[in-house]
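**Student:** Just add 112 to the spot in the sequence shown (first one is 1) and you have our numbering.
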Amino acid sequence: MKRIFGLACGFLLVAVTGVALVGSGCSDGDSPSSELDLNTVSDQGQDITSDTTPDIGDEQPVPDVGEDEVSDLSEESDESGFEEPEVEEQDDSLITELRAVPNPANHLSYFVDYTTADAIETNLVVECDGIQQAVITSEDADTAHSVFVMGLWPGAQCDLHAQYLAPGAVDVDTISVQPGPMPSDYPDLTVSVEDGDRMQSGWTLVNLTNAFDGIPLRIAIFDEQGRYRWYHQRATTAPGSDTDVRTIDEGIIISGTAAPQTLPAIVDWQGSTVWEMDVVAHHDIRYDEESEEILMLGLNDGSACDQMLSSNNFSAFDRVTKTMTWTWDTCAHYEPNVTPRNDYDHLNTIARQPGTDRYLLSARNMESLMLVDRSDGSLLWRMGPDGDFTFLQSDGEPSAVFRQQHAPEWESNGRILMYDNAGGTGGGARALELEYDELTMTVWATWVWEPETPIIAPIWGDADRQPNDNVLICFGQRSTSVQTRLVEVTSDGDIVWDATLPLRWGAYRAERTSPRFGFSL
Numbered sequence: 113m114k115r116i117f118g119l120a121c122g123f124l125l126v127a128v129t130g131v132a133l134v135g136s137g138c139s140d141g142d143s144p145s146s147e148l149d150l151n152t153v154s155d156q157g158q159d160i161t162s163d164t165t166p167d168i169g170d171e172q173p174v175p176d177v178g179e180d181e182v183s184d185l186s187e188e189s190d191e192s193g194f195e196e197p198e199v200e201e202q203d204d205s206l207i208t209e210l211r212a213v214p215n216p217a218n219h220l221s222y223f224v225d226y227t228t229a230d231a232i233e234t235n236l237v238v239e240c241d242g243i244q245q246a247v248i249t250s251e252d253a254d255t256a257h258s259v260f261v262m263g264l265w266p267g268a269q270c271d272l273h274a275q276y277l278a279p280g281a282v283d284v285d286t287i288s289v290q291p292g293p294m295p296s297d298y299p300d301l302t303v304s305v306e307d308g309d310r311m312q313s314g315w316t317l318v319n320l321t322n323a324f325d326g327i328p329l330r331i332a333i334f335d336e337q338g339r340y341r342w343y344h345q346r347a348t349t350a351p352g353s354d355t356d357v358r359t360i361d362e363g364i365i366i367s368g369t370a371a372p373q374t375l376p377a378i379v380d381w382q383g384s385t386v387w388e389m390d391v392v393a394h395h396d397i398r399y400d401e402e403s404e405e406i407l408m409l410g411l412n413d414g415s416a417c418d419q420m421l422s423s424n425n426f427s428a429f430d431r432v433t434k435t436m437t438w439t440w441d442t443c444a445h446y447e448p449n450v451t452p453r454n455d456y457d458h459l460n461t462i463a464r465q466p467g468t469d470r471y472l473l474s475a476r477n478m479e480s481l482m483l484v485d486r487s488d489g490s491l492l493w494r495m496g497p498d499g500d501f502t503f504l505q506s507d508g509e510p511s512a513v514f515r516q517q518h519a520p521e522w523e524s525n526g527r528i529l530m531y532d533n534a535g536g537t538g539g540g541a542r543a544l545e546l547e548y549d550e551l552t553m554t555v556w557a558t559w560v561w562e563p564e565t566p567i568i569a570p571i572w573g574d575a576d577r578q579p580n581d582n583v584l585i586c587f588g589q590r591s592t593s594v595q596t597r598l599v600e601v602t603s604d605g606d607i608v609w610d611a612t613l614p615l616r617w618g619a620y621r622a623e624r625t626s627p628r629f630g631f632s633l
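1. Which residue or residues does DSSP assign as beta-bridge partners of Q345?
2. Can you tell me where the beta strand (DSSP E) holding H518 begins and where it ends?
3. Confirm, please, whether the CB-CB distance from D307 to V608 is below 8 Å.
4. Looking at the structure shown, is A323 part of a helix, part of a strand, or coil, going by DSSP?
5. Given a cut-off of 8 Å on the beta-carbon distance, is the pair C270 and V284 in contact?
6. Assign A611 to buried or exposed, taking buried as 16 or more other Cβ atoms, counted over all protein chains shown, within 10 Å of its Cβ.
7. In this structure, how does DSSP classify R310 when only helix, strand and coil are distinguished?
8. Tell me, please, which residues DSSP counts as bridged to N580.
9. Report, in whole angstroms, the separation of the C-beta atoms of L356 and D396, which I expect to be a contact under 8 Å.
10. Does the distance from the C-beta atom of V318 to that of A541 stay below 8 Å?
11. Excluding the 5 residues flanking G383 on each side, which residues of the same chain have their C-beta closer than 7 Å to its C-beta?
12. Leaving out the 5 sequence neighbours to the left and right, which residues in its chain are closer than 7 Å to H573 when beta-carbon positions are compared?
13. Leaving out the 5 sequence neighbours to the left and right, which residues in its chain are closer than 6 Å to P173 when beta-carbon positions are compared?
14. Starting from C443, follow the beta strand (DSSP E) in both directions and report where the run begins and ends.
15. Taking the Cβ atom as the reference point for each residue, do T227 and A256 lie within a distance shorter than 8 Å?
16. Could you please give the first and the last residue of the uninterrupted beta strand (DSSP E) stretch that includes T359?
17. Counting pairs of beta carbons, one from the region 463-470 and one from the region 501-513, are three or more of them closer than 8 Å?
18. Helix or strand or just coil, what does DSSP make of H219?
19. For W438, is the classification buried or exposed, using 16 other Cβ atoms within 10 angstroms of its Cβ as the cut-off for buried?
20. Report buried or exposed for P614, applying the criterion of at least 16 other Cβ atoms within 10 angstroms of its Cβ.
21. Go ahead and pull the three-state DSSP assignment for V128.
22. Just to confirm before moving on: does the CB-CB distance between T592 and W617 stay below 8 Å?
23. What does the Cβ neighbour count give for E251, buried or exposed, with the cut at 16 atoms within 10 Å?
24. Report the rounded CA-to-CA distance for L491 versus T321, giving the unit in angstroms.
25. DSSP beta-bridge partners for T625?
26. Candidates Q312, D230 and G292: which alpha carbon is nearest S626's?
27. Only counting the same chain, and skipping five residues up and downstream in sequence, which positions put a Cβ closer than 6 Å to that of A231?
28. Taking the alpha-carbon positions, what's the L329 to E388 distance?
29. Given a cut-off of 8 Å, decide if S632 and V391 are closer than it, judged by their beta-carbon atoms.
30. Mind checking whether T435 and F426 have CB atoms under 8 Å apart?
31. Measuring straight from C-alpha to C-alpha, what distance separates Y276 and P295?
32. So is S463 buried or exposed if we call it buried at 16+ other beta carbons inside 10 Å?
33. What does the alpha-carbon distance come out to for the pair G630 and S205?
34. Look at the Cβ atom of F334, then the Cβ atom of L301, and state whether they are nearer than 8 Å.
35. Hey, T442 and N460 are a contact pair by Cβ (cut 8 Å); roughly how many whole angstroms apart?
36. Exposed or buried, which one is G536 when buried takes at least 16 other CB atoms within 10 Å?
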C-alpha cells in the first residue's frame, strides 16, 4: 500500500496495490481534490510529492569514508556500550481491516466495514467491470466505518475502494467481490432497448409470480438490460399473487393477498421485514409520509353494511400502533343491482388527488372510478359506463369508455392515466388518458396506446407516466400461453424499451425506480 503525506497543490498519483488515484490541483484551500479517477497501474509505484523542492541552502560536501573507516566506526560504537534498539516494523496504513461480507438475504449486496487511523469522513467508490457505479460517502466522522453496498449484478467483477481523504494525507484500500449467483427460481428476462436516448433512465420494479410451478412470490428490480439488481423472496405461494409493490425511501412496501394470505409488509433494502400487519389486504397499498399512515384496500365479509354481500374497503392505519384511523366501505355508499353480489366492486387502486384530501378509487367489477372525500367520507362522483359522466367521442377519435380497468393515477395536468383492460369487449388492453369537466360532467380520451397486435390481458396491468413524458405499460398476465410484456412508449407512441417474462411467469404491475447503490450505516 502506498500513501502520501504533506501534499502540496499540484499533480497527485497514488499507487495502491494495482490501483491508482489521479488528482490535480486544489480548490481555494490547500487540500488535495477529493475527486479522484481510479486507473490501473503497476505495483512499482513510488511516493511522489510536489516538484518544487524547498530551499535548504548550499549543498554540503559529503566526507569520503572508506570501507576500513566504516568498520572502525562500527567497532568503536560497540566498545562504547551503545546498542542500536531493535525497531519493530509497523503498518502505517490509514485504512485497515477492510472487509466485505455477502448479504445472506440478497446475493447482489454486501456489508462493508473498515477502520481509519483518524475520525474522518470517507468515500467508498463502487466500480464494476471497470466502470464507476457510485461513490458512497460516510455520514459521520468516525474511525469505524460501515457501508451497505447494493445494486450490483450477477457475475460482475466489482472493486470497492475505501478512500481516506484528509488535508495532508491520502490513502486507499481495495477489496474485490463478485456478486451472485441469483437464486435458481428467478426467470430469465428478455429485454430490448429500442431507443436508449429517449428512454426514461432508471430500473424497473415488479412482483414476479408463478403459482403454476409452486414458486412463492418474488419481488425484483432489474436494469435497462434486464440484469437483476435487487430481489426479495416472500414465503407465500398465492395462486394470483396480484400483489402491489412500491418503492419508499427505506425499501419496498408490499400489499397483501387474501388466499392464501400474504401479509402487507415493508422490507428494507437489506432484506429485513421492518413492518408487517396481520390483516386481510387486497391489491393496493401506499405509505403516506406526511401522516405516517399506511393506506390499503381490504376485504369485507358477507355481513358488511348489514347486507348479505361481499365488498371492499379503503382504510388508513397508524404505522406504529397499527390502529385503524379511518375507513370507507363501498357498500355504505353504493349497492349496484347486480348478480352475483360477491365481490361486486373489487377495488384495486388508491390514488390521492394532489393538494387535496380526496382519493380516487378504482372498482374493477363496477367498471367505475370513484372520487371520495376523506374529510366527510362522501362519494363525490362515479365515472364509468353507468356513472355520473357522459363520455364524449369525436369522429375518428378513440373511445373513452373503459372496462375492468386497473391502476388509475393523477397526472400533473389534472388528467387521469389508467390501464384499460377492455375486459369483456373482445378488444385488446391499452393505456388510456382521460380529461374530464366537473361542470358539464363530461369525459373524453386525450391519449391512447395499444400494440399493433392486440394483447388480451383481462385481470392485471399498469400504466405509469414517466418524468420525461413517456409511459411505462405493464400488460400483466397469469397464463401458460400469453407472456407478460412491459413496454415503454413515447407520447408519440414510439416503443423505446420492451421486456417480456417467460410463459407461466406474471407481473401485476411495474414501476420505474431510481438506481440505488447503497448507503452509510
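Glycine included, every Cβ here is placed at the ideal spot set by N, Cα and C.
**Tutor:** This is what the structure gives:
1. BP columns for Q345 point to R330.
2. Per DSSP, H518 belongs to the beta strand (DSSP E) from H518 to W522.
3. Taking 8 Å as the Cβ cut-off, V608 and D307 qualify as a contacting pair.
4. In the structure shown, A323 sits in a helix (DSSP, three-state: H, G or I).
5. Here C270 is not near V284, since their CB atoms are 8 Å or more apart.
6. Burial call: buried.
7. The answer is helix: DSSP assigns R310 an H, G or I state.
8. Secondary-structure assignment with DSSP links N580 through no beta bridge to anything.
9. The question names Leu, but residue 356 is Asp in the sequence shown. Contact flag correct, Cβ pair sits at about 5 Å.
10. With contacts defined by Cβ atoms closer than 8 Å, V318 and A541 do not form a contacting pair.
11. Cβ neighbours of G383 beyond the five flanking positions: N215, A217, N218 and H344.
12. Just to set this straight, residue 573 is Gly in the shown sequence, not His. Within the same chain, G573 has close Cβ partners H518, A519, Y531, N533, A541, C586, F587 and G588.
13. Residue placement at P173 cannot be trusted, given a pLDDT of 45 that sits under 50; what the coordinates show is reported in the next sentence. Annotation for P173: no residue places its beta carbon closer than 6 Å to its own, counting only its chain and skipping 5 residues before and after.
14. Boundaries for C443: no beta strand (DSSP E) harbours it, and the DSSP string shows neither H nor E there.
15. Result yes, Cβ atoms of T227 and A256 sit closer than 8 Å.
16. Looking at the DSSP string, the run of the beta strand (DSSP E) that includes T359 is V357 to I360.
17. Contact annotation: the region 463-470 does not touch the region 501-513, with fewer than three C-beta pairs closer than 8 Å.
18. Here H219 sits in strand by DSSP.
19. By the neighbour-count criterion, in which a residue is buried when 16 or more other Cβ atoms sit within 10 angstroms of its Cβ, W438 is exposed.
20. Note on P614: under 16 other CB atoms within 10 angstroms of its CB, so exposed under the neighbour-count rule.
21. With a pLDDT of 36 at V128, under the threshold of 50, the modelled position of that residue is not reliable, and the figure given next carries that caveat. Note: V128 maps to strand in three-state DSSP.
22. Taking 8 Å as the cut-off, the beta carbon of T592 is found no closer than this to the beta carbon of W617.
23. So E251 ends up on the exposed side.
24. Separation of L491 and T321 (C-alpha to C-alpha, rounded to the nearest whole angstrom) is 35 Å.
25. According to DSSP, which records beta bridges pairwise, T625 is partnered with W315.
26. Here the closest residue by C-alpha is Q312.
27. Excluding residues within five positions, the ones whose Cβ falls inside 6 Å are A253, D254 and T255.
28. Just so you know, the alpha carbons of L329 and E388 end up roughly 16 Å apart.
29. Not in contact: V391 and S632 (Cβ atoms no closer than 8 Å).
30. Not in contact: T435 and F426 (Cβ atoms no closer than 8 Å).
31. Within the model, the alpha-carbon separation for Y276 versus P295 is close to 36 Å.
32. The amino acid occupying residue 463 in the given sequence is Ala; Ser does not appear at that position. A463 should be labelled buried.
33. For G630 and S205, the distance between alpha carbons rounds to 26 Å.
34. Going by C-beta atoms, F334 is nearer than 8 Å to L301.
35. In fact, because the Cβ distance is near 12 Å, the residues do not count as touching under 8 Å.
36. With fewer than 16 Cβ atoms within 10 Å of its Cβ, G536 is classed as exposed.
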